[in-house]
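Numbered by this note's numbering, the letters in the sequence shown go through residues 2 to 351 in order. All residues carry an ideal CB built from backbone N, CA and C; glycine is no exception. Since we're looking at a predicted model, the values are computed, not measured. Notes for the one structure printed next.
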Amino acid sequence: MRVHVRLKGWWVVALVCVVPCLSYGNYVYGPDEDDICYALGHDQIVDMRPMSEIVHQDGKHYSASHPVFLITLKSGIKGVYKIQRECEIFAEVAAYRASRMLHFSFVPPTTIRVINGKLGSVQMYVKTNIEVLGSQFEHLLALVPADDLANIKIFLYVFGQHDAVAHNMLMNKEQDKVTLFAIDNGCIAIKKFWQYGKNPFIHVSTVYLFPKVGEEKNFPYSHFKTMPNYHPDELKKVFGSIFSLAYYKNKLSKYKPFRYIIFNHQLWVQKKVDEPVFCFITYCPADTLERLKALTKLDLVQIFSSFRKVIADEFVDDDFLNAILDRRDQVVAYFDHVKRDLVREEMRCG
Ligand SMILES: Nc1ncnc2c1ncn2[C@@H]1O[C@H](COP(=O)(O)OP(=O)(O)O)[C@@H](O)[C@H]1O
Ligand SMILES: [Mg+2]
C-alpha cells in the first residue's frame, strides 16, 4: 500500500511538470494558450480567496459543492482552483484538452496544481457579464450562435458531461450575441450509458452487486425499473444491506423518480428521468461532424494519457474510452440519418 501511495505521489509531481507543456491542437485563447496553462500551473500565487466572494461581489448567485477558490498569479492571470476527487480533477483537464483538440474554445484553459499540499484543477477565470439562472437560461441559449450551441451540446454529450445545467455554464452577452462557456466538467469521469436524445444512466455503486444478474452483453436500456416515489425502505427491500442507510437516504434519494438498471452486477441510475435533455440537438455543423468522425481511440488515449497510469482502475479504462467512441458513433449515425431524411424530402418536393 505504501509503495502504491508513493508511486501515486510521484506521478502527480511528474504530471504537474508535464501536463502544461503538452500541446493539443490549435490555439483558441490566443497564441499564448500554452503559456496560460503553464502559468496557471506554476506562477507564484499572490492572492487566494473563496470563489463565492467574487461571485457575490458580481451580484450573482453562487452554487458549488466543492471547495473553489479564485487565485491571482503574479503575472495578473486569474485562475479557479478546485479541490475534488482525483479522477474529477483529471477529467476537468481532459475536457479542456478534448475541446481544444476539436478546435472548440468553450472550455477555458485548465491544468492541475498542488496548493497547500492539495491537488486540484486550475481553470482560467472567465469574467462574464450576465447571470445564468433557471428561467432566463433557455432565453439566453437562443442568443448563442447556432453553430456554437450545437458544438457545445454535441461535445458535452460525446465526452459524457451529464451535469450541463445553468450553474455549470458561464455566459457573456455582447449586444444580441451570447458566448457560452462550459465549466465544471469533472463528471465526465463517471461511467455511464447514454443514448443520444435521452437522459443517461449513471454508474452509482462501487460495490459489486448481485453476481447472478446483469450479465447481458449490451446495456439493456429499455429494461429499467422505476420507483415513482423513492423511499429508502422500498429500495432497501430490493438491495437489502448492500448499501448503508445513509447511502439510501442521502445519495440515492436525490434521484426522483428512481429509475434503475442492474448491468454488469452494478447499479445504474437514470438522471433527470422526466426532464428535457440538454445535450441533444438536431443540427450539427458539417466540419464538427467531420472532426468527430476523424476522432480515434489514439486521440482519446492522448487526451487521457497521463491519467491512465495514475487511476487506471477507477477512471480511464478500455470501457471508458469505448463509451466515448460509442457516443460519437451515435451522433454520427443520427446526423447521417437526418441527412438521408433531408435528401428524401428534397427529392419528394423537387
Ligand atoms: N473558469 C471559471 N471562470 C469563472 N467562474 C468560474 C469558473 N469556474 C467556476 N466558476 C464559478 O465557481 C462556481 C463553482 O464552480 P464549479 O466548477 O461549478 O464547482 P462545483 O463542482 O463545486 O459545482 C461556478 O458556478 C462559477 O460561478
Ligand atoms: Mg458546479
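Taking the alpha-carbon of residue i as reference, which of the options has the nearest alpha-carbon?
i      : options                           : result
Asn323 : Gly60, Gly118, Ala143 and Lys298  : Lys298
Met228 : Glu89, Lys257 and Phe194          : Lys257
Gln196 : Cys350, Ser223 and Val317         : Ser223
Leu120 : Tyr82, Leu142, His140 and Ser242  : Tyr82
Gly118 : Ile304, Asp59, Ile84 and Cys88    : Ile84
Ala96  : Ser306, Glu346, Glu139 and Asp330 : Ser306
Arg101 : Ala287, Asn152 and Lys199         : Asn152
Glu89  : Arg341, Val205, Phe316 and Leu326 : Phe316
Ile263 : Ser64, Arg86, Lys218 and Asp288   : Lys218
Asp177 : Ile243, Gly161 and Pro146         : Pro146
Phe1   : Phe225, Leu268 and Glu346         : The structure shown does not extend to residue 1, since the chain spans only 2 to 351, so no value can be given for it.
Lys61  : Glu87, Val133, His67 and Met125   : Val133
Val69  : Val274, Tyr158, Met49 and Val302  : Met49
Lys174 : Thr129, Gln303 and Tyr158         : Thr129
Leu181 : Leu142, Asp327, His43 and Val56   : Leu142
Asp320 : Asn265, Tyr284, Leu103 and Asp36  : Asn265
Pro51  : Glu235, Asp44, Gly42 and Tyr63    : Tyr63
Cys285 : Glu346, Tyr248 and Asp337         : Asp337
Asp44  : Gly80, His57 and Ala247           : Gly80
Leu296 : Gly42, Asp275 and Val159          : Val159
Ala287 : Leu103, Ala65, Glu346 and His57   : Leu103
Met125 : Lys255, Asp35, Ala247 and Arg341  : Asp35
Asp164 : Cys350, Ala334, Asp342 and Ala65  : Ala65
Phe225 : Glu235, Val274, Phe91 and Lys238  : Val274
Under 7 Å between the Cβ atoms of residue i and residue j?
i      : j      : result
Ile191 : Ile203 : yes
Lys272 : Pro201 : yes
Ala40  : Ile78  : yes
Ile155 : Val332 : yes
Glu93  : Gly187 : yes
Val127 : Leu171 : yes
Arg260 : Leu293 : no
Gly198 : Phe281 : yes
Ser122 : Ile113 : yes
Asn169 : Asp149 : no
Leu144 : Val166 : no
Pro277 : Lys250 : no
Gly161 : Lys193 : yes
Val339 : Val270 : no
Ile374 : Leu301 : One cannot answer for residue 374 here, as it falls past the ends of the chain, which runs 2 to 351.
Pro110 : Ile37  : yes
Ile304 : Arg86  : no
Phe107 : Ala183 : yes
Closer than 6 Å: is that where the CB of residue i sits relative to any heavy atom of ligand 2?
i      : result
Asn169 : yes
Asp185 : yes
CB of residue i to nearest heavy atom of ligand 1: below 6 Å?
i      : result
Ser122 : no
His57  : no
His67  : yes
Met172 : no
Val317 : no
Tyr97  : no
Pro110 : no
Ser106 : no
Tyr126 : yes
Ser100 : no
Val179 : no
Ser245 : no
Ser306 : no
Val81  : yes
Phe64  : Looking at the sequence itself, residue 64 is Ser, so the reference to Phe does not match. Checking every heavy atom of ligand 1 against the Cβ of Ser64, one is found closer than 6 Å.
Sorry if obvious, but does the Cβ on residue i come closer than 6 Å to a heavy atom of ligand 4?
i     : result
Pro51 : Looking at this structure, you won't find ligand 4 anywhere; what it does contain is ligand 1 and ligand 2.
At a Cβ threshold of 7 Å, is residue i touching chain C?
i      : result
Val179 : Chain labels in this structure do not include chain C; a single protein chain is all it has.
| task | Give, in chain order, every unbroken run of the beta strand (DSSP E) that is at least 3 residues long and sits entirely within the segment 140-202. | result | 170-175 and 178-183
| field | Those runs of the alpha helix (DSSP H) which lie wholly inside the segment 55-122 and span at least 4 residues | value | 87-102
| query | Going along the chain, which unbroken runs of the beta strand (DSSP E) with 3 or more residues stay wholly within the segment 215-260? | reply | 226-228
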